[in-house]
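Numbering (the numbering used here), first residue to last: 89 to 377.
Put into structure tokens, the structure is as follows:
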């Protein structure tokens, strides 16, 4: 019998006819729904193979994970965007691709870190397009103090040379406590640590904007938070969650996990929590199909 690995396709998604994103598509014979995955800063859609395979098999859903502009196998200089909204446009293009291909099926979003911010931004503006949203340690407020000199330099570059990138401090030891996964991060040639001023300031300012607009969020929400995250302030996720007025919202805290619950020791529990939440919502009539 074929395994899910036999049903993984590489696909290309056009964004407004201007650029083409690379994506991976984990297929099931008769999918009940579609999960679109938005990766975090510096990584790529292929990094979610474990979650895609586990969720696809458990729920009989298709999973699509694209590489954002300037990431992974997609075009663009690493970490460079003209404006942060380019990433939201990327996600919208992938959701539109999924809606055309999977007519009538519910579409869910899963976003991690900066991908979580992109997903939340998209869902506030287009909540009726999706059946539910899952975010893992969404980038809403940075946990580390930013040196004044680096902020000054970033502002100067933003004004005079926004295409220049700086090295982002994202140590693998802050991502996960699993040594094997840490090693895989370090050897992954598709990962990068470069960030341009429009991307950096878009992330920082966008997080505060999202917290202030949380009451506008409407789709069902599952928020997953690693309580020991040294990169993104875990309290910022709680603050957003508390301000969401929609009744269908769930927050799960993993007190000992770092920045990436889906790549942590004990990630099987995280996947099981997502499976339970999605199973309930897949059985309900929902928007987003």
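Don't be surprised by glycine CBs; every beta carbon is placed ideally from N, CA and C.
### Task
Ignoring anything shorter than 4 residues or poking outside the segment 341-376, list the alpha helix (DSSP H) runs there in chain order.
355-370
### Query
residue 221 and residue 193: beta carbons closer than 7 Å?
The residue labelled residue 221 in the question sits at position 133 within the chain shown. The residue labelled residue 193 in the question sits at position 105 within the chain shown. No, Cβ-Cβ distance for residue 221 and residue 193 is not below 7 Å.
### Task
Would you mind sorting residue 170 into buried or exposed? The rule is 16 or more other CB atoms within 10 Å of its CB.
As a position in the chain shown, residue 170 is number 82, starting the count at 1. Exposed, by the Cβ-count rule.
### Query
What do you reckon, are the CB atoms on residue 225 and residue 314 nearer than 7 Å?
For the purposes of this step, residue 225 is taken as residue 137 along the chain shown, with counting starting at 1. For the purposes of this step, residue 314 is taken as residue 226 along the chain shown, with counting starting at 1. Cβ distance < 7 Å, so residue 225 and residue 314 count as in contact.
#### Entry: Backbone secondary structure at residue 106 - three-state DSSP
Counted from its first residue, the chain shown places residue 106 at position 18. Coil at residue 106, not helix or strand.
### 3-residue-minimum beta strand (DSSP E) runs that sit fully inside the segment 127-208, ordered along the chain
150-154 and 195-200
#### Entry: Exposure label - residue 100; buried when at least 16 CB within 10 Å
As a position in the chain shown, residue 100 is number 12, starting the count at 1. Burial call: exposed.
### Contact check, residue 172 vs residue 290, beta carbons under 7 Å
For the purposes of this step, residue 172 is taken as the residue at position 84 of the chain shown. For the purposes of this step, residue 290 is taken as the residue at position 202 of the chain shown. Going by C-beta atoms, residue 172 is nearer than 7 Å to residue 290.
### Message
Suppose the cutoff is 6 Å on Cβ atoms and the five residues either side in sequence are ignored; what does the same chain contact list for residue 345 look like?
### Response
Here the question's residue 345 lines up with position 257 in the chain shown. Within the same chain, residue 345 has close Cβ partners 314 and 352.
### Task
In angstroms with no decimal places, state the Cα-to-Cα distance between residue 211 and residue 217.
Counting from one through the chain shown, the residue named residue 211 turns up at place 123. Counting from one through the chain shown, the residue named residue 217 turns up at place 129. Going from the Cα of residue 211 to the Cα of residue 217 covers about 8 Å.
### Message
Applying the 10 Å Cβ sphere with the 16-neighbour rule, what's the burial state of residue 183?
### Response
Within the chain shown, residue 183 is the residue found at index 95, counting from 1. Buried: at least 16 other Cβ atoms inside 10 Å.
### Query
Since residue 312 is in the beta strand (DSSP E), which residue starts that stretch and which ends it?
Numbered from its first residue, the chain shown carries residue 312 at position 224. 309-314 is the span of the beta strand (DSSP E), which, as asked, contains residue 312.
#### Entry: Supposed close pair residue 150, residue 116 - CB separation, criterion 8 Å
Numbered from its first residue, the chain shown carries residue 150 at position 62. Numbered from its first residue, the chain shown carries residue 116 at position 28. Yes, they are in contact, since the Cβ atoms of residue 150 and residue 116 sit about 6 Å apart, within 8 Å.
### Task
Kindly indicate the opening and closing residues of the alpha helix (DSSP H) around residue 269.
If you number the chain shown from 1, residue 269 lands on position 181. Here the alpha helix (DSSP H) through residue 269 covers 267-275.
### Task
Given a cut-off of 7 Å, decide if residue 241 and residue 252 are closer than it, judged by their beta-carbon atoms.
Position 164 of the chain shown holds residue 252. Position 153 of the chain shown holds residue 241. Contact flag unset, no.
#### Entry: Coil, strand or helix - residue 293 by DSSP
Walking along the chain shown from the start, residue 293 turns up at place 205. Reduced to three states, the DSSP call for residue 293 is helix.
### Query
According to the Cβ coordinates, are residue 361 and residue 340 closer than 7 Å?
Numbered from 1 along the chain shown, position 273 holds the residue referred to as residue 361. Numbered from 1 along the chain shown, position 252 holds the residue referred to as residue 340. For residue 361 and residue 340, yes; Cβs fall inside 7 Å.
### Task
Drop a sphere of 10 angstroms on the beta-carbon of residue 232, count the other beta-carbons inside from all chains shown, and report buried for 16 or more, exposed for fewer.
Residue mapping note: residue 232 aligns to position 144 of the chain shown, counting from 1. Flag for residue 232 reads exposed.
### Task
Could you check what DSSP says for residue 240 in three-state terms: helix, strand or coil?
Along the chain shown, one-based indexing puts residue 240 at 152. Helix, per DSSP.
### Chain-order list of residues whose beta-carbon lies under 6 Å from that of residue 164 (same chain, five-residue window excluded)
What you label residue 164 is simply residue 76 of the chain shown in a count that begins at 1. Once the five neighbours on either side are set aside, the close Cβ partners of residue 164 are 157 and 158.
### Query
Who are the near neighbours of residue 333 in its chain, counting only those whose CB is closer than 6 Å to its CB and skipping five residues on each side?
Locating residue 333 in the chain shown gives position 245, counting from the first residue. Same-chain partners within the cutoff: 303.
### Query
residue 167 and residue 278: beta carbons closer than 7 Å?
For the purposes of this step, residue 167 is taken as the residue at position 79 of the chain shown. For the purposes of this step, residue 278 is taken as the residue at position 190 of the chain shown. The answer is no: Cβ separation not under 7 Å.
### Query
Using the beta-carbon count (16 or more within 10 Å), is residue 109 buried or exposed?
Counted from its first residue, the chain shown places residue 109 at position 21. Burial call: buried.
### Task
Classify residue 224 as helix, strand or coil using the three-state DSSP reduction.
Here the question's residue 224 lines up with position 136 in the chain shown. Correct three-state label for residue 224: strand.
### Message
Going by C-alpha to C-alpha distance, which of 324, 308 and 270 sits closest to residue 195?
### Response
As a first step, residue 195 must be located in the chain shown, where it is residue number 107. For residue 195, the nearest C-alpha among the options comes from 308.
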